[in-house]
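*Asks:* In the numbering used here, the protein residues as written are 31 to 305.
(1) Counting C-beta neighbours from all protein chains within 10 Å, is the total for residue 205 16 or more, i.e. buried, or is it exposed?
(2) Cutting at 7 Å between CB atoms, please list the residues of its own chain near residue 232, excluding the five before and the five after it.
(3) Could you pull the start and end residues of the alpha helix (DSSP H) that residue 255 belongs to?
(4) List the endpoints of the continuous alpha helix (DSSP H) containing residue 317.
(5) Could you name each continuous alpha helix (DSSP H) segment of 4 residues or more that falls completely within the region 213-284, going from the start of the chain to the end?
(6) With a threshold of 16 other CB atoms inside 10 Å of the CB of residue 167, please say whether the residue is buried or exposed.
(7) How would you call residue 234, buried or exposed, if buried means at least 16 neighbouring beta carbons within 10 angstroms?
(8) Within its chain, find whatever has a CB closer than 6 Å to the CB of residue 176; leave out the 5 residues flanking it on each side and keep chain order.
(9) Below 8 Å on the Cβ atoms is my contact criterion, and I expect residue 289 with residue 271 to pass it. Report the Cβ-Cβ distance as a whole number of Å.
(10) Could you name the residues of the same chain whose beta carbon sits closer than 6 Å to that of residue 110, not counting the 5 residues immediately before and after it, in chain order?
(11) Decide if the region 182-198 is in contact with the region 116-133; the criterion is three or more beta carbon pairs, one per stretch, under 8 Å apart.
(12) From residue 88 to residue 137, what distance separates their C-alpha atoms?
(13) Measure from the alpha carbon of residue 291 to the alpha carbon of each residue in 275, 282, 267, then state which is nearest.
(14) Determine the contact status of residue 95 and residue 135, defining contact as a CB-CB distance below 8 Å.
(15) Just to confirm before moving on: does the CB-CB distance between residue 48 and residue 300 stay below 8 Å?
(16) Excluding the 5 residues preceding and the 5 following residue 297 in the sequence, name in chain order all residues of the same chain whose CB lies nearer than 6 Å to its CB.
(17) Pick helix, strand or coil for residue 154, following the three-state DSSP scheme.
(18) Going by other Cβ atoms of all chains shown within 10 Å of its Cβ, with 16 needed for buried, is residue 51 buried or exposed?
(19) From what residue to what residue does the alpha helix (DSSP H) around residue 67 run?
(20) Assign residue 95 to one of three DSSP states: helix, strand, or coil.
(21) Grab the span of the alpha helix (DSSP H) containing residue 300 for me, first residue to last.
(22) Which whole-angstrom value describes the C-beta separation of residue 243 and residue 269, a residue pair presumed to lie in contact below a C-beta threshold of 8 Å?
(23) Between which two residues does the alpha helix (DSSP H) harbouring residue 180 extend?
(24) Taking 8 Å as the cut-off, does the region 139-153 touch the region 198-215 (at least 3 CB pairs, one atom from each stretch)?
Okay, here's the thing in structure tokens:
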């Protein structure tokens, strides 16, 4: 098993799960790209990795995408080959690294949606923009789909992981002005106060995510429907998680929401068979 395959298999991610929709060659390339994303994200987020090691690891990946670089290990070399094979803009990889790199500061706060949107673009929408190249999309409209879906997926993750992010050095991704709108303070959040203010705030932010899901659906070009099957499978899975949280009034301090494997397979089958 390759390094990329081992990383992807161990992640048990919904994103990796959706790769089942892809032809073998493109699936293998997405496994490589996903492994790159996983390594970068872990270097930024994993609490057990010393800061010096995190910084050195991220710097190594930044060097990987500088002019003339050959890559320092097998995963870096495979990622560069993937970039060149699909003609992917090198800056997208650097911007993605920069987005994840910002998580090295767990005390960072986002004042409003515009600030958070810049972050979700870098860590999620860019993943989509790179992925559609690997999927084989040909329409520029698919780029709009990728950007919208990235915002929707990352907002779903943020809502789902509110409690876990508090456990991880008190990370808070909820925009401050959204909290102020519902008179819910950072102290309330750290204290895990679950009341009407919290529920209403979470539904408000969820509606923003819902708008982006609908925007993504509206931007699926007819010519790229087949190429986007994996992305659409992932959209259905994460949208299902969002709907499950909304129906349960976001009890995110007590549980991590997920879907059973049979439902994930149902969504993936639906994208393959058109139902």
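Even for Gly, the Cβ is constructed at its ideal location relative to N, Cα and C. None of the values given here were measured: they were computed from a predicted structure.
*Replies:* According to the structure shown:
(1) The residue is buried, with at least 16 neighbouring Cβ atoms inside 10 Å.
(2) Same-chain partners within the cutoff: 189, 280.
(3) Premise fails: residue 255 is in no alpha helix (DSSP H) and is neither H nor E.
(4) For the chain, the structure presents residues 31 to 305; residue 317 sits outside this window and is missing.
(5) 216-220, 226-248, 259-277
(6) buried
(7) exposed
(8) 158, 159, 162
(9) 6 Å
(10) 101
(11) no
(12) 19 Å
(13) 267
(14) no
(15) no
(16) 263, 266, 267
(17) Correct three-state label for residue 154: helix.
(18) buried
(19) In the DSSP assignment, residue 67 falls within the unbroken alpha helix (DSSP H) covering 54-75.
(20) coil
(21) 291-303
(22) Residue 243 to residue 269, Cβ: 5 Å. Contact.
(23) 171-190
(24) yes
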